[in-house]
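Down below is the structure, laid out as structure tokens.
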Amino acid sequence: MRIRTTTAAAVSGAVVLSALAVPAAQAFDSQKGNTKITKVVVNGGKDLVVGTSKKKFVITVTGTDPKGIKEGIALVWHGKAYPERADGAIAPQVEPECVKLSATKGTCKVVVVADPRGLRNGTAGQWKVLAGLLGKGSAENHVVKGKYTTVGVKRAAKLTVNATPEPVRKGKTLTVSGALTRADWEKRTYAGYTGQPVKLQFKAKGASAYKTLKTVKSDAKGNLRTTVKASVDGSFRYVFGGAGTSPAVTAAGDFVDVR
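Here you go:
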């Protein structure tokens with residue numbers, strides 16, 4: 256067996272298993288010899304957050320073989336079975352780099368590329384991680400795990416805030432508006448994220464931390480709007496705690512001068 260990487264080909268949302276030179280029927284889980292995977296780290300343990308343009312992520316695959324590790328492979332996929340019933344994949348486009356750690360242990364760095372043009376909005380959430388290693392002892396010694404672990408693949412989010420009027424007199428009403436949007440992979444733009452709870456927070460001038468004032472729900476276009484009474488100088492911001500398909504995001508604070 257030889258592990259090789261090629262540019263991922265996405266056709267109608269399904270990606271053909273071209274990264275592993277084993278029959279498709281064996282690709283999901285395949286083992287021969289004593290090659291073992293001991294650790295897989297995806298993006299440093301963080302979710303893969305994808306916006307409207309291509310983004311690279313690193314997966315490291317570490318393992319052992321009596322003769323050492325020769326090559327490695329990893330990719331992230333969504334669906335029921337890879338490759339026949341997959342509806343999305345984030346795959347490598349360059350050869351992985353493998354480093355010898357000892358006579359029997361090695362680690363391979365795999366750079367995968369997420370391209371929103373090949374992603375569907377409805378697939379955001381938990382994806383599976385395929386990982387494989389090839390031992391040096393024999394051209395056939397290898398291990399491939401179609402679902403070694405899982406990782407979140409999420410649609411990037413943005414959040415804004417604007418408090419008006421500025422400056423404002425003490426005791427007068429401030430209107431705090433903003434917008435919560437997230438990546439639409441299929442249209443490759445950002446669109447309103449509707450019906451989401453977002454916290455309005457305030458930090459007085461000179462204070463070290465923000466305090467939550469209230470929770471506001473985004474409207475049908477992702478817009479946010481509420482009112483508060485002006486009391487002291489300070490900064491307002493909106494905070495979204497995240498969801499299963501989009502990450503947490505915090506708006507930059509908007510300072511208001513109260514006179």
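Quick note: the sequence shown uses the numbering used here, first residue 256, plus one each step.
We put the CB at the ideal spot given by N, CA and C, even for glycine.
Note that the coordinates shown come from a computational prediction; the quantities given were computed from them, not determined experimentally.
Exercise. Could you tell me whether the segment 415 to 430 touches the segment 438 to 454, where touching means 3 or more Cβ pairs closer than 8 Å?
Key: As far as the Cβ criterion goes, the segment 415 to 430 does not touch the segment 438 to 454, which means the pair count is below three.
Practice problem: Please report how far the alpha carbon of Val349 lies from the alpha carbon of Ala506, in whole angstroms. | Solution: Linking Val349 to Ala506 through their CA atoms gives a straight-line distance of about 36 Å.
Self-check item: Trp332 to Pro371 span [Cα, whole Å]
Solution: 14 Å
Practice problem: Entirely within the segment 389 to 465 and at least 3 residues each: give me those beta strand (DSSP E) ranges in chain order. | Solution: Runs of the beta strand (DSSP E) lying entirely within the segment 389 to 465 and spanning at least 3 residues, in chain order: 397 to 410, 412 to 419, 428 to 439, 444 to 447, 452 to 459.
Exercise. Compute the Euclidean distance between the alpha carbons of Lys325 and Ala434, then round it to the nearest angstrom.
Key: Rounded to whole angstroms, Lys325 to Ala434 spans 50 Å at the Cα level.
Practice problem: Tell me whether the beta-carbon of Gly343 lies closer than 8 Å to the beta-carbon of Gly373. | Solution: Cβ distance < 8 Å, so Gly343 and Gly373 count as in contact.
Self-check item: Check whether Lys472 and Gly390 have beta carbons under 8 Å apart
Solution: no
Quiz item: How big is the Cα-Cα spacing for Cys353 and Gly496?
Solution: 38 Å
Quiz prompt | Burial state of Asp512, where buried means 16 or more other Cβ atoms lie within 10 Å | solution = exposed
Self-check item: DSSP bridge partner residues for Thr505 (one or two, in chain order)
Solution: Val494
Quiz item: Do the segment 434 to 443 and the segment 302 to 314 make contact, defined as three or more Cβ pairs closer than 8 Å?
Solution: yes
Quiz item: Alpha carbon to alpha carbon, how far is Ala519 from Val416?
Solution: The requested residue 519 does not occur in the structure, where the chain is confined to residues 256 to 514.
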